[in-house]
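Protein chains in written order, with my numbering: chain A, 9 to 123; chain B, 297 to 408.
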């Protein structure tokens, strides 16, 4: 089975721009979560989607949004980019919604640099 | 308020010795705990987990211990190998919460 794929792998943007990141989960997985990892920080939860519905959202401003398509692929969008948005954005999929006993499978991440 | 803490940012051990990575949590509602390993330029990969009804889970060289009263868990790697050098994340979740809460990670270096 192919793993979780994320595109693009690397991205450079300037402040004020917006960016869209894409994630294709493992085939058959219906839950997709997004995390942000910044240097020296753990993985900060952004949001989780299941069956095209956002189930949970982390403590991020409204500039961060996402969606999930009927084929379970997911996109996240960051508008009005700030320097502090520079990070590794990780997507993780699981067969069912996350939580206890649900192992997540992570993609390689998209590294975003905001100049 | 960080609910999952890994107080040691880094750990260095000699090949063949034991590596002990620690994790503390504050949310008593957490009932499932996982460890992930992350190599540079890759996403985290699942390593081992433990349910709150257990106090120990073992998988080969990896053992996770859970002390619920102390809200503390640890990952033991015995014997440590150079290929174990990576960042280790502790994560905790609660039933139906829909997300895992991760610690900041501990960078393990195993020296040959």
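Glycine residues also receive a C-beta, built at the ideal position from the N, C-alpha and C atoms.
- Output, in chain order, the set of chain B residues within a Cβ distance shorter than 9 Å of residue 112 of chain A. The sequence position of residue 112 of chain A within the first chain is 104, counting from 1. The answer, in chain order, is 330, 332, 340, 342, 387 and 396.
- Message: So that I know if they touch, is there some Cβ in chain B lying closer than 8 Å to that of residue 60 of chain A?
- Response: By one-based count along the first chain, residue 60 of chain A stands at place 52. Not one chain B Cβ lies under 8 Å of residue 60 of chain A.
- Query: Hey, would you say residue 27 of chain A sits closer than 8 Å to residue 99 of chain A, going by beta carbons?
  - Reply: Taking the first residue of the first chain as 1, we reach residue 27 of chain A at position 19. Taking the first residue of the first chain as 1, we reach residue 99 of chain A at position 91. Result no, Cβ atoms of residue 27 of chain A and residue 99 of chain A do not sit closer than 8 Å.
- Message: If the criterion is Cβ atoms closer than 8 Å, does the pair residue 94 of chain A and residue 51 of chain A meet it?
- Response: Reading the first chain from its first residue, position 86 is the one you call residue 94 of chain A. Reading the first chain from its first residue, position 43 is the one you call residue 51 of chain A. In this structure, residue 51 of chain A does not lie closer than 8 Å to residue 94 of chain A by Cβ.
- Query: Got a sec: is the Cβ-Cβ distance from residue 356 of chain B to anything in chain A below 8 Å?
  - Reply: On the second chain, position 60 is the one that residue 356 of chain B refers to. Not one chain A Cβ lies under 8 Å of residue 356 of chain B.
- Evaluate residue 351 of chain B with the Cβ neighbour count: other Cβ atoms within 10 Å of its Cβ, from every protein chain shown; 16 or more gives buried, anything less gives exposed. Counting from 1 along the second chain, the entry for residue 351 of chain B is found at position 55. Residue 351 of chain B comes out exposed.
- Message: Could you give the first and the last residue of the continuous beta strand (DSSP E) run that contains residue 85 of chain A?
- Response: On the first chain, residue 85 of chain A is found 77 positions in, with the first residue counted as 1. It spans 82 to 86 - the beta strand (DSSP E) in which residue 85 of chain A sits, taken as one unbroken run.
- Query: Is residue 308 of chain B near the ligand PLP, with its Cβ less than 7 Å from a heavy atom?
  - Reply: In the structure on display, the ligand PLP does not appear, and there are no ligands present to speak of.
- Sort out for me which residues DSSP pairs residue 119 of chain A with in a bridge. Within the first chain, numbered from 1, the residue matching residue 119 of chain A stands at position 111. DSSP lists A/18 and A/96 as partners of residue 119 of chain A.
- So which residues of chain B does residue 67 of chain A contact, with C-beta pairs closer than 8 Å? One-based indexing of the first chain puts residue 67 of chain A at position 59. By Cβ distance, chain B contributes nothing, its closest Cβ being about 10 Å from residue 67 of chain A, past 8 Å.
- residue 242 of chain B versus chain A: which residues are under 8 Å apart at the beta carbon? Outside the shown range of chain B (297 to 408) lies residue 242 of chain B, about which nothing can therefore be said.
- Minimum Cβ-Cβ distance from residue 83 of chain A to chain B less than 8 Å: The count along the first chain starts at 1 and reaches residue 83 of chain A at position 75. So no, residue 83 of chain A is outside the interface.
- At least three beta-carbon pairs within less than 8 Å, the stretch 303 to 319 of chain B to the stretch 339 to 356 of chain B: no
- Entirely enclosed beta strand (DSSP E) segments - the stretch 341 to 398 of chain B, minimum 3 residues: 341 to 347, 352 to 355, 358 to 363, 368 to 373 and 382 to 389
- Leaving aside the five residues before and after residue 347 of chain B along the sequence, list all residues of the same chain whose C-beta is less than 6 Å from its C-beta, in chain order. Here residue 347 of chain B corresponds to residue number 51 of the second chain, with the count starting at 1. Counting only Cβ-Cβ distances below 6 Å, and skipping sequence neighbours, we find 328.
- Query: Three or more beta-carbon pairs under 8 Å between the stretch 78 to 96 of chain A and the stretch 14 to 32 of chain A, yes or no?
  - Reply: yes
- Task: With DSSP collapsed to three states, give me the class of residue 91 of chain A.
- Result: On the first chain, residue 91 of chain A is found 83 positions in, with the first residue counted as 1. Residue 91 of chain A: helix per DSSP, three-state reduction.
- Item | Extent of the continuous beta strand (DSSP E) to which residue 309 of chain B belongs | Taking the second chain and counting its residues from 1, one reaches residue 309 of chain B at position 13. Element bounds for residue 309 of chain B: 306 to 310.
- Buried or exposed: which applies to residue 105 of chain A, given that a residue is buried once 16 or more other Cβ atoms fall within 10 Å of its Cβ? As a position in the first chain, residue 105 of chain A is number 97, starting the count at 1. It is buried - the Cβ of residue 105 of chain A has at least 16 other Cβ atoms within 10 Å.
- Message: Going by the DSSP bridge assignment, what does residue 64 of chain A pair with across the sheet?
- Response: Against the first chain, residue 64 of chain A aligns to sequence position 56. Residue 64 of chain A is bridged to A/56.
- Would you identify the three-state DSSP class for residue 75 of chain A, choosing helix, strand or coil? Here the question's residue 75 of chain A lines up with position 67 in the first chain. Reduced to three states, the DSSP call for residue 75 of chain A is strand.
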